[in-house]
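J.:
Protein chains: 2
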Amino acid sequence: RHELGDNEIGRKIMHYFRVDSTNGVALKLVGEGAPHGTVVVAEEQIAGRGRFDRTWYSEKSSGIYVSVILRPALPPSTAPILTLMAAVAAHQAISTSTGLPVDIRWPNDLLVDGKKVCGILTEMNAEVDRLNAVVLGIGINVNHSEMPSELNTVATSLKIEGGRPYSRAHILVALLKELERKYHLLLDEGGVAIARRWTAASTYATGKRIRVASNSGGFQATTVCLEPNGALRVRRDDGREESLVSGAIIEVK
Amino acid sequence: RHELGDNEIGRKIMHYFRVDSTNGVALKLVGEGAPHGTVVVAEEQIAGRGRFDRTWYSEKSSGIYVSVILRPALPPSTAPILTLMAAVAAHQAISTSTGLPVDIRWPNDLLVDGKKVCGILTEMNAEVDRLNAVVLGIGINVNHSEMPSELNTVATSLKIEGGRPYSRAHILVALLKELERKYHLLLDEGGVAIARRWTAASTYATGKRIRVASNSGGFQATTVCLEPNGALRVRRDDGREESLVSGAIIEVK
Numbered sequence: 001r002h003e004l005g006d007n008e009i010g011r012k013i014m015h016y017f018r019v020d021s022t023n024g025v026a027l028k029l030v031g032e033g034a035p036h037g038t039v040v041v042a043e044e045q046i047a048g049r050g051r052f053d054r055t056w057y058s059e060k061s062s063g064i065y066v067s068v069i070l071r072p073a074l075p076p077s078t079a080p081i082l083t084l085m086a087a088v089a090a091h092q093a094i095s096t097s098t099g100l101p102v103d104i105r106w107p108n109d110l111l112v113d114g115k116k117v118c119g120i121l122t123e124m125n126a127e128v129d130r131l132n133a134v135v136l137g138i139g140i141n142v143n144h145s146e147m148p149s150e151l152n153t154v155a156t157s158l159k160i161e162g163g164r165p166y167s168r169a170h171i172l173v174a175l176l177k178e179l180e181r182k183y184h185l186l187l188d189e190g191g192v193a194i195a196r197r198w199t200a201a202s203t204y205a206t207g208k209r210i211r212v213a214s215n216s217g218g219f220q221a222t223t224v225c226l227e228p229n230g231a232l233r234v235r236r237d238d239g240r241e242e243s244l245v246s247g248a249i250i251e252v253k
Numbered sequence: 254r255h256e257l258g259d260n261e262i263g264r265k266i267m268h269y270f271r272v273d274s275t276n277g278v279a280l281k282l283v284g285e286g287a288p289h290g291t292v293v294v295a296e297e298q299i300a301g302r303g304r305f306d307r308t309w310y311s312e313k314s315s316g317i318y319v320s321v322i323l324r325p326a327l328p329p330s331t332a333p334i335l336t337l338m339a340a341v342a343a344h345q346a347i348s349t350s351t352g353l354p355v356d357i358r359w360p361n362d363l364l365v366d367g368k369k370v371c372g373i374l375t376e377m378n379a380e381v382d383r384l385n386a387v388v389l390g391i392g393i394n395v396n397h398s399e400m401p402s403e404l405n406t407v408a409t410s411l412k413i414e415g416g417r418p419y420s421r422a423h424i425l426v427a428l429l430k431e432l433e434r435k436y437h438l439l440l441d442e443g444g445v446a447i448a449r450r451w452t453a454a455s456t457y458a459t460g461k462r463i464r465v466a467s468n469s470g471g472f473q474a475t476t477v478c479l480e481p482n483g484a485l486r487v488r489r490d491d492g493r494e495e496s497l498v499s500g501a502i503i504e505v506k
């Protein structure tokens, strides 16, 4: 799209009507050598995927279902900060396009009024010491008039929250431009610059009461800060601090 | 092959005459959902790949060119020890099949008489906090009568070193059985068990004078030990110690 100017991200956009999942298509393109900045967009995903093998509800022509291929010359250990970078970019794009108050729940769920409007699934193809490609899959609930009943306590759409429809094309262009900016910010200034932006955008960064899910039952804690590698530092109620590098948290009210 | 008994690794073996690279084929199969233990074997690779974008010389029907798909429920940070596990398995398979004295150069080159007979390229498909699949690509120079002139100071074959040809099928079966054993050892006892086996098999583990290649020019050091995560601990000549997590080293004589 000409609105993207000299953006590397989106120089090549592949548009599909129906796919299993945009990340699946993108990973296949990675194997075929697709260059940095290749973007896969679909109107509908019949097997949209989220983290932890969850599905992503992908109502036809209502949401943005996009995957972006990046080829950074970085080690695999930087993948967490790349996914937080995507959260910061999506936060900025949705905020400026809609004016809605958007929050980020660690690591990278975007919430409006405490409900999810955007999810991010990062997958990578790597050697042991080198990322070959990162695929950022981003799903945004834009013009859904209502969410399925099993989701409507935890998920919402921009239209439901804003009371009006929004242009998907406009939000997508804003998203791709923001990804380009934040990607270069990360390369130029490192993870600390991304962590600072994330901290400014998220109420979960500091002083939030949360519950950490875990195989051994989970625990409650208070957030301390986001570290430059993307880990969330938390303080347990007995005073011990630890850094969460993966997993899921929920707010405790 | 029936000789593999109830090995999970090799339950499905796909044999090709000519491929670009066995890892490329395996990564494509990963995307299509190929199960743990799927094995890709080729008679010839026309674009065989090694680490650092190097090529792997793959003379037709003379070597073993194999890729193994593993699907461990482990985080991406365990990939280095998985690749060392492959080196230990290949070391054992080649030693017992040929009786030749095999060494391992960190992280995972197999040497006979100081020259390379086997290389390993590990690639992975992962989410930020979870390995989806690991592809272990293993190339072994078996029955090459001579190596190309540009390689013959750094590479050799089992036949050149042993003075007789060896059965590729026999070595491959031994390799797949050893991979199965060492994989379960890793899952059951952790990286420390693999590090111990690696240390017993490699003259590079302790007290070896090496040169570390680096973008900023490199330096000389003496090896101290292999850590359970796969990093090589070294002592610089000024006494400072550090852990190498990736890269390449050479012996200093």
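For the record, the sequence lines run as chains A and B. Be aware that the first sequence starts at 1, since it is given in our numbering, and climbs by one per residue. Be aware that the second sequence starts at 254, since it is given in our numbering, and climbs by one per residue. All C-beta atoms in this analysis are idealised placements derived from N, C-alpha and C, irrespective of residue type, glycine included.
1. Candidates B:K435, B:I463, B:K430 and B:G303: which alpha carbon is nearest E256 (chain B)'s?
2. So what's R11 (chain A) in DSSP terms, helix, strand or just coil?
3. Counting only the same chain and skipping the five closest in sequence on each side, list residues whose C-beta sits under 8 Å from that of G492 (chain B).
4. Look at the alpha carbon of A427 (chain B) and the alpha carbon of E433 (chain B), and state the distance between them as a whole number of angstroms.
5. At the 8 Å Cβ level, is M124 (chain A) part of the contact set with chain B, yes or no?
6. Between which two residues does the alpha helix (DSSP H) carrying D441 (chain B) extend?
7. Can you pull the chain A neighbours of P329 (chain B), defined as C-beta to C-beta under 9 Å?
8. Can you name, in chain order, every residue of its own chain whose Cβ lies under 8 Å from the Cβ of V283 (chain B), other than the five neighbours on each side?
9. Leaving out the 5 sequence neighbours to the left and right, which residues in its chain are closer than 8 Å to P328 (chain B) when beta-carbon positions are compared?
10. Closer than 8 Å, Cβ to Cβ, to anything on chain E: give me those residues from the segment 9–39 of chain A, in chain order.
11. Determine the closest residue to K435 (chain B) out of B:A484, B:A340, B:D362 and B:G392, with distance taken between C-alpha atoms.
12. How big is the Cα-Cα spacing for R486 (chain B) and A458 (chain B)?
13. Please identify the residue among B:F270, B:G277 and B:Y310 whose C-alpha is closest to the C-alpha of E403 (chain B).
14. For E380 (chain B), does the count of other Cβ atoms within 10 angstroms reach 16, so buried, or fall short, so exposed?
15. Going by C-alpha to C-alpha distance, which of B:T351, B:V278 and B:S315 sits closest to G416 (chain B)?
16. Can you find the residues in the same chain that come closer than 7 Å, C-beta to C-beta, to N260 (chain B), ignoring five residues on each side of it along the sequence?
17. Between the Cα of T122 (chain A) and the Cα atoms of A:E146, A:G50 and A:A201, which residue gives the shortest distance?
18. Sorted by chain position, which residues of the same chain lie with C-beta nearer than 7 Å to K313 (chain B)'s C-beta, five sequence neighbours on each side aside?
19. Give the residues from the segment 81–101 of chain A that approach chain B closer than 7 Å (Cβ to any Cβ), ordered along the chain.
20. Report the residue from B:F305, B:E285, B:A279 and B:P288 whose alpha carbon sits nearest the alpha carbon of V294 (chain B).
21. On the criterion of 16 or more Cβ atoms from any shown chain inside 10 Å, does V445 (chain B) qualify as buried, or is it exposed?
22. Between which two residues does the alpha helix (DSSP H) harbouring G31 (chain A) extend?
T.: Judging by the given coordinates:
1. B:K430
2. coil
3. none
4. Each residue's Cα considered, the two are about 10 Å apart.
5. yes
6. R421 to E442
7. P76, S77, A79, M124 and A126
8. I322, N378, N385, A386 and V388
9. D382, R383 and L384
10. Looking for chain E here will not work: the only protein chains present are A and B.
11. It is B:A340 whose Cα lies nearest to the Cα of K435 (chain B).
12. 9 Å
13. B:Y310
14. buried
15. B:T351
16. L429, K430 and E433
17. A:G50
18. E296 and E297
19. T83
20. B:A279
21. Looking at its Cβ environment, which holds fewer than 16 other Cβ atoms inside 10 Å, V445 (chain B) is exposed.
22. T22 to G31
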